Amino acid sequence: MGLVVQKFGGTSVADAERILQVCQRIEHTVSQGERVVVVVSAMGKTTDSLIDLARAVAGECPNPREMDLLLATGEQVTTALVSMALQARGQAAIALTGREAGIITEPHHQRARIVRIDISRIKAELEQGKVVVVTGFQGITPSGEVTTLGRGGSDTSAVALAAALHADRCEIYTDVPGILTTDPRLVPQASLLAEITAAEMLELASLGAKVLHPRAVEIARNFAVPLVVRSSWSDAPGTKILSPNGARGDLHALEVSRLVDGIHIDRSQAKVALLGVPDRPGIAAQLFSALAAEGILVDLIVQSIQHPRNYNDIAFTVPRAALDHALRLCRDLHQTETIVADGAISIVSISGVGIVGRPAIPAQMFSALGQHDINIEMIATSETKVSCVIAEQDSDRALRALGEIFQLEPTPALIPSVEAPSVRGVALDQNQTRLAVLNVPDRPGVAAQILQSLADKGIPLDMIIQSEPAQGVNNIAFTIKTTDRYEAERTLQQTGQAVMVDTDVAKLSIVGLGMAQAKGIAARMFQALAERDINIEMIATSEIKVSCIIRQSRAVEALQAVHQAFALNGSQEIPIERS
Ligand code: ADP
Ligand code: ASP
Ligand code: MG
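Printed below as a string of structure tokens:
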């Protein structure tokens with residue numbers, strides 16, 4: 039007899055009729071001879087309404103403990119209703135809260151991670167032939183306090199239960215047919231993906247595709263949980279999330295086990311920096327199209343904030359053998375007089391799972407390098423990797439520093455499969471704020487300290503970009519979720535830094551495992567934006583993504599343009615169920 043975990047999102051259980059439809063699906067699964075654990079979200083927009091209520095009585099920052107107690111009620115309503123509906127139809131069932139289901143979390147309100155699940159109660163109920171209906175999104179601390187996992191966290195509850203129960207598969211039922219090339223609410227011609235790797239899904243999810251909670255993907259990858267995302271309203275197969283590297287997780291430290299599992303070095307690259315290029319649409323497109331046209335493979339790209347206004351610095355890496363060729367091309371474009379080349383760099387990286395969601399990890403890396411007096415010239419972050427460009431002469435010391443702090447030996451980096459598409463999907467995050475810390479002394483370790491202060495508060499950062507130093511100081515810019523804005527500003531002000539805040543930005547990203555080996559992918563994205571006269575204000579890349587910061591007012595148009603530029607449009611509009 040197989041065991042399946044089925045999770046139903048808010049729209050899928052939005053009213054009595056839909057709850058009965060969900061029950062039919064559960065009964066059908068039981069009739070196929072499977073044991074079923076069901077995880078449900080709060081009905082429709084219940085969680086949003088509860089948050090509004092809390093704000094109405096307690097202002098912008100209600101007490102996090104009481105907030106968790108409040109929000110956890112939403113899922114409780116749905117479990118009780120689903121369970122009683124099943125019972126009324128003659129199917130034995132029981133509803134369990136996070137506490138009753140044994141979901142133990144860290145003692146952090148509002149973004150708790152699951153430490154372990156005591157599955158004894160669920161197993162006992164399953165053995166009695168019951169369907170077990172568990173609240174998503176919630177758990178309890180070892181001392182019995184109610185916690186929630188963060189918005190969208192019911193996916194994480196479901197996959198964690200599947201891992202803990204060694205379920206045969208986990209099915210996430212939602213209001214779209216599966217994982218699409220982008221959000222169909224913004225691009226109705228998005229197309230359905232039959233499959234996607236966990237690495238790509240992690241990036242898309244953390245870059246704004248809210249269809250899956252990134253931590254759910256992380257658990258699926260770590261514990262090799264067979265995961266599919268499907269429509270609640272059809273029997274179509276949906277999208278498979280592939281976890282090719284097999285199980286490595288520890289069920290006693292479910293979301294909190296060792297995170298960094300590799301240290302790598304790449305000594306084959308060289309760096310080019312164009313300083314003071316004009317800040318207008320088309321510049322990056324012109325530069326990277328020229329490099330692509332000559333067959334030069336560009337690895338990391340970073341474009342910094344304007345300083346002084348109306349100028350940008352663009353830095354990128356190319357294979358050393360192509361450095362002279364790249365330099366000639368850059369000079370011929372006459373975008374700036376100041377071009378700096380450095381053939382003696384290396385790229386040191388740490389890899390693991392969910393690095394960006396855990397700001398302490400990159401902060402540890404930057405601090406370790408800073409403490410060893412190693413200057414970081416460029417930073418590239420992804421959900422699975424943080425890379426720093428450093429001087430080649432510092433390589434061995436950097437490896438030793440990272441080896442000590444993460445207790446690992448350097449390992450060869452995994453080369454992604456060439457067959458993977460260069461762009462699997464496009465994500466837009468409109469909940470982004472850009473912060474710039476100005477006039478930071480250009481000394482090893484100073485930037486690390488600033489980033490550490492945010493990491494200590496659990497605030498994840500993305501697109502961390504340092505400008506090229508001028509007169510002994512530089513600017514550090516990065517993006518955060520807008521919801522973390524006030525806490526981040528307060529924290530930085532306490533460190534005595536001058537901070538510039540811009541909430542009118544959006545982050546547009548392309549993601550694909552195959553882009554590491556394909557030429558001209560970033561150029562094509564920049565070109566699509568240039569053709570619509572959309573200015574790119576920041577660029578940051580990793581091996582499998584390119585992200586651009588643009589104005590919020592152009593965001594949806596930019597998404598549509600880039601989606602089309604990579605020929606991702608499908609032939610029909612995607613059906614979406616409304617809650
Ligand atoms: P649920 O309540 O079922 O958890 P969510 O609202 O959290 O559903 O997630 C589903 C929504 O995610 C879709 O309705 C869609 O608008 C949005 N979405 C964003 N990006 C994507 C994508 N790449 N593929 C599918 N859906 C996406
Ligand atoms: N109800 C919670 C939310 O709206 C959790 C979830 O639906 O996944 O964020
Ligand atoms: Mg969701």
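All residue numbers for the sequence shown refer to this note's numbering, where the first residue is 39 and numbers rise by one.
The C-beta atom is built at its ideal place from N, Cα and C for all residues, glycine as well.
No experiment lies behind these values; they were computed from the predicted model shown.
Residue range 463-479 is occupied by the beta strand (DSSP E) that includes GLN468. Per DSSP, the continuous alpha helix (DSSP H) segment holding GLY408 begins and ends at 398-409. In this structure, the C-beta of ASP380 stays at least 7 Å away from each heavy atom of ligand 1. Within the stretch 91-162, the complete beta strand (DSSP E) segments of 3 residues or longer fall at 131-134, 141-143, 152-155, listed in chain order.
Under the criterion of beta carbons closer than 8 Å, LEU187 and ALA150 qualify as touching, at roughly 6 Å.
In the three-state reduction of the DSSP assignment, GLN70 falls in the coil class. Beta-bridge partners assigned by DSSP to PHE46: VAL78, TYR211. Under the three-state reduction of DSSP output, SER229 falls in the coil class, being neither helix nor strand. ASN348 is a Cβ neighbour of ASP317, given a cutoff of 8 Å.
When the Cα atoms are used, ALA429 and ASP411 turn out to be separated by approximately 11 Å. Distance check between VAL294 and each of GLY395, GLN373, ASP86 places GLY395 closest, using alpha-carbon atoms only. Segment contact: the stretch 383-403 against the stretch 314-330, fewer than three CB-CB distances shorter than 8 Å; contact not assigned. The stretch 212-230 and the stretch 76-89 do not touch, with fewer than 3 CB-CB distances between them shorter than 8 Å. If you compare the alpha carbons of ALA406, ALA418, SER69 with that of ARG438, the shortest gap goes to ALA406. Assigned with DSSP and collapsed to three states, ARG570 falls in coil, not helix or strand.
Rounded to whole angstroms, the Cβ separation of LYS519 and LEU245 is 12 Å, and the two are not in contact under 8 Å. Comparing alpha carbon positions, the residue from ARG562, LEU91, ALA96, ASN512 closest to LEU313 is ASN512. Residue side-chain check: GLU293 keeps its Cβ at 7 Å or more from all non-hydrogen atoms of ligand 2. In this structure, SER384 sits away from SER580, with a CB-CB distance that is not shorter than 8 Å.
In the structure shown, THR376 falls within a strand segment according to DSSP collapsed to helix, strand and coil.
Contact between GLU506 and ASP337 does not hold, since the beta-carbon distance rounds to 19 Å and is not under 8 Å. Spatial neighbours of LYS168 in its own chain (CB-CB distance under 8 Å, excluding positions within 5 residues in sequence) are listed in chain order as ALA130, ALA131, ILE132.
Exclusion of the five residues before and after ASP542 leaves ARG589, GLN590, SER591 as the residues of its chain whose Cβ lies within less than 8 Å of its Cβ.
Of all alpha-carbon atoms in VAL584, VAL170, SER491, TYR524, the one lying nearest the alpha-carbon of CYS61 is that of VAL170.
For ILE383, the enclosing beta strand (DSSP E) begins and ends at 383-390. The beta carbons of LEU199 and VAL75 sit closer together than 8 Å. The DSSP-derived three-state label of PRO459 is coil. Following the DSSP letters along the chain, one finds SER192 in no beta strand (DSSP E) but inside the alpha helix (DSSP H) bounded by residues 192-202.
Taking the Cα positions, GLY608 is about 43 Å away from ILE157. C-alpha of GLY216 to C-alpha of THR374: approximately 46 Å in a straight line. The beta carbon of ALA201 sits closer than 6 Å to the beta carbons of ILE257, PHE261, VAL263 from its chain, once the five residues preceding and following it are set aside; these are given in chain order. Each residue's CA atom was taken as its position, placing ALA118 and LEU124 some 10 Å apart. The residue among SER342, LEU297, GLN555, ARG528 with its C-alpha nearest the C-alpha of GLN504 is SER342. Counting C-beta pairs with one atom in each stretch, the stretch 458-466 and the stretch 439-449 have fewer than three that are closer than 8 Å, which means they do not touch. Within the same chain, and ignoring the five residues on either side of GLU241 in sequence, the residues whose Cβ sits closer than 7 Å to its Cβ are SER420, GLU421, VAL549, ILE582, LYS583. Apart from the 5 residues on each side of it in sequence, VAL537 sits with its Cβ closer than 8 Å to the Cβ of LEU473, ALA474, VAL475, LEU476, GLU527, LEU530, GLN531 in its chain, given in chain order.
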